[in-house]
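Enquirer: Once you've had a glance at the structure underneath, I'll fire off some questions.
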Amino acid sequence: MEISRMDDAALARIKALQPELTAIRRDIHAHPEMGMEEVRTAALVAETLRGWGLEVTEGIGKYGVVATLKGRRPGQRAIGLRADMDALAIEEATGLPHASANKGVMHACGHDGHTTMLLGAARHLSQNPDFGGTVQFIFQPAEEGRGGARAMLADGLFDRFPVDSVYGLHNEPGLPLGQFAIRPGPAMAAGDRWVVTFRGTGGHGGASPHLATDVAVLQAQFVMALQTVVARNIAAVDAAVISVGAIHGGSMASTNVMPSEMVIGGTARSYTTAVRDMMERRMRELATGLATSFGCTAEVFYGRHGEALVNHAEQTQVAIAAAATLAGAEKVEGNAPLITGGEDFSLMLKARPGAFMFMGIGAGGPSSEGLHTPTYDFNDDAIPLGVGYWVSLVEQELGSVGDGA
Ligand SMILES: [Zn+2]
Ligand SMILES: [Zn+2]
């Protein structure tokens, strides 16, 4: 693939935005809001974009904001660029001057950085609209398990703001600053929550265990049998996780009593529907089959939460080309490992072709701490890189973003 490096003058203009963007990032960081509570953040985003002359629509899927920008050259194509705006229920422990002023809530996943970088791209492209077609800047609420992508899609996101393809970007503290990583096809997991309730007669564990049906022995068999699902029902080349996270039953105040009920719960992760279906089916078979053999009953809840994130092949190549144009081909890993975490951008990728890129922000300081930890902070030095990636992506998709002027 022919990779031409990004225009120096464009890069210089993007870098010049950094002080203003850093101030915005720290302001958002200091005022984090939980998913579906992004009143201030959404208003800040909308006001800032309007101030820069963009056409803005608010209230999509509650607090979602979309800004629309048409290029000054002719073109019918449209692309969506998406950032998330929500924070987490974590008590911040960075001690930074811009630390959270909202007790118990923290931007520990860098969505403050994501929002800022997309704002920066809107700023730059609105001043340099030398492309053909339309860019939809999508600011999504509630990525962290509160259904923001689903809400925006249900509110007609892609009907009201049509796009041919859609792209997402996430920071990665485990990667050095300036490196990019992506993989085509399945990339991030679907995370399911399951709960199995075993019921038996219970009884006196000391005097008359033979008169009872024992859910304690049953659950022990079940936990062991569960290990065979990944080992023996999932192909070795496929990836899956089933873990037990909680077992509850009986009472420490009366350990001579056999409980009549035990509840086991956990998580299951997968990357394809076939693997997901297999895990649910085998879990039900093992729970009910074992329960029957012990004279007990089983009730199985298997809750499917979100979808595996699957990058489309063609758009993954576009994303790789965009990152390589910005940072150099040697800084882009195009076949990154699977990630067992989840992302609700997966739903947008089910609706439109697209790709989700990771950008390194690590190597020193709070930006090297893991995501979702109390000492994490987004690395402001990454802001121009993120803006540059978005601008480069628009150049790839909608033609050259030239000198502007
Ligand atoms: Zn997160
Ligand atoms: Zn995140």
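For the sequence shown, UniProt numbering gives the first residue as 1, with consecutive numbering after it.
Note that CB positions come from ideal geometry on N, CA and C, so glycine has one too.
Can you check the segment 30 to 55 for any alpha helix (DSSP H) of at least 4 residues that lies completely inside it and give the ranges in chain order?
Expert: 39 to 51
Enquirer: Please report how far the alpha carbon of A101 lies from the alpha carbon of G266, in whole angstroms.
Expert: Spanning the two alpha carbons is a distance of roughly 34 Å.
Enquirer: Excluding the five sequence neighbours on either side, which residues of its own chain have a C-beta within less than 8 Å of the C-beta of P337, listed in chain order?
Expert: R183
Enquirer: Looking at A142: is its Cβ nearer than 8 Å to the Cβ of M252?
Expert: no
Enquirer: CB of L175 to nearest heavy atom of ligand 1: below 7 Å?
Expert: no
Enquirer: Going by CA-CA distance only, name the one from M348, P384, G365 and V387 that's closest to A149.
Expert: M348
Enquirer: What's the gap between the Cα of K15 and the Cα of P384?
Expert: 6 Å
Enquirer: Roughly how many whole angstroms lie between the Cα atoms of G399 and Q227?
Expert: 51 Å
Enquirer: Does any heavy atom of ligand 1 sit closer than 7 Å to the C-beta of L169?
Expert: no
Enquirer: From I138 to T288, what does the alpha carbon distance come to, in whole angstroms?
Expert: 45 Å
Enquirer: Can C109 be considered in contact with ligand 1, in the sense that its beta carbon sits closer than 7 Å to one or more heavy atoms?
Expert: yes
Enquirer: Compute the distance between the beta-carbons of L88 and C109, then report whether it is under 8 Å.
Expert: Less than 8 Å separates the beta-carbon of L88 from that of C109.
Enquirer: Could you check which residue in Y302, R282, M34 and G53 has the C-alpha nearest to that of M106?
Expert: M34
Enquirer: Using a threshold of 7 Å, is the CB atom of H29 nearer than that to any non-hydrogen atom of ligand 1?
Expert: Every heavy atom of ligand 1 is 7 Å or more from the Cβ of H29, so no.
Enquirer: Could you check if E91 belongs to the surroundings of ligand 1, using beta carbon to heavy atom distance under 7 Å?
Expert: no
Enquirer: Could you compute how far the alpha carbon of A284 sits from the alpha carbon of Y302?
Expert: Residue 284 is actually Arg in this sequence, not Ala. So the two alpha carbons sit approximately 9 Å from each other.
Enquirer: Determine the burial state of V401: buried for a count of at least 16 other Cβ atoms within 10 Å of its Cβ, exposed for fewer.
Expert: Per-residue confidence for V401 stands at a pLDDT of 48, beneath the threshold of 50, marking its modelled position as unreliable; the derived number appears in the next sentence. Result: buried.
Enquirer: Measuring only the C-alpha atoms, how far is D8 from V244?
Expert: Cα to Cα, D8 sits roughly 53 Å from V244.
Enquirer: For A154, which option in F222, D381, G59 and T373 has the closest C-alpha, if you only look at C-alpha atoms?
Expert: G59
Enquirer: Measure the Cβ-Cβ separation of A268 and W194 and say whether it is below 8 Å.
Expert: Taking 8 Å as the Cβ cut-off, A268 and W194 qualify as a contacting pair.
Enquirer: Give a single yes or no on whether D214 has its beta carbon closer than 7 Å to a heavy atom of ligand 2.
Expert: no
Enquirer: Per DSSP, which residues does M359 bridge with? Please list them.
Expert: N171 and F180
Enquirer: Measure the C-alpha to C-alpha separation of A405 and F131 and round it to an integer number of angstroms.
Expert: Note that A405 scores a pLDDT of 37, beneath 50, so its modelled location is shaky and nothing firm can be said.
Enquirer: For L286, which residues in the same chain have their Cβ closer than 7 Å to its Cβ, ignoring the five residues on either side in sequence?
Expert: For L286, where only same-chain residues beyond five positions count, the Cβ hits under 7 Å are F222, A225 and L226.
Enquirer: Note down, one range per segment and in chain order, each alpha helix (DSSP H) of at least 4 residues found wholly within the segment 236 to 299.
Expert: 273 to 293
Enquirer: Indicate the three-state DSSP secondary structure (helix, strand or coil) for Y389 in the structure shown.
Expert: helix
Enquirer: Buried or exposed, going by whether 16 or more other CB atoms sit within 10 Å of the CB of V66?
Expert: That one is buried.
Enquirer: Roughly how far, in whole angstroms, is the beta-carbon of L177 from the beta-carbon of A363, given that I think they are within contact range, below 8 Å?
Expert: 5 Å
Enquirer: Is L309 a contact residue of ligand 1, with contact defined as CB to any heavy atom under 7 Å?
Expert: no
Enquirer: How long is the line joining the alpha carbons of D377 and A99, rounded to whole angstroms?
Expert: 9 Å
Enquirer: Would you report the Cα separation of A207 and T201, rounded to the nearest angstrom?
Expert: 15 Å
Enquirer: Going along the chain, which residues of its own chain have a beta-carbon closer than 8 Å to the beta-carbon of R40, five neighbours each way excluded?
Expert: H31 and E33
Enquirer: Distance, Cα to Cα, E55 vs A327?
Expert: 30 Å
Enquirer: CB G205 to CB M258, shorter than 8 Å?
Expert: yes
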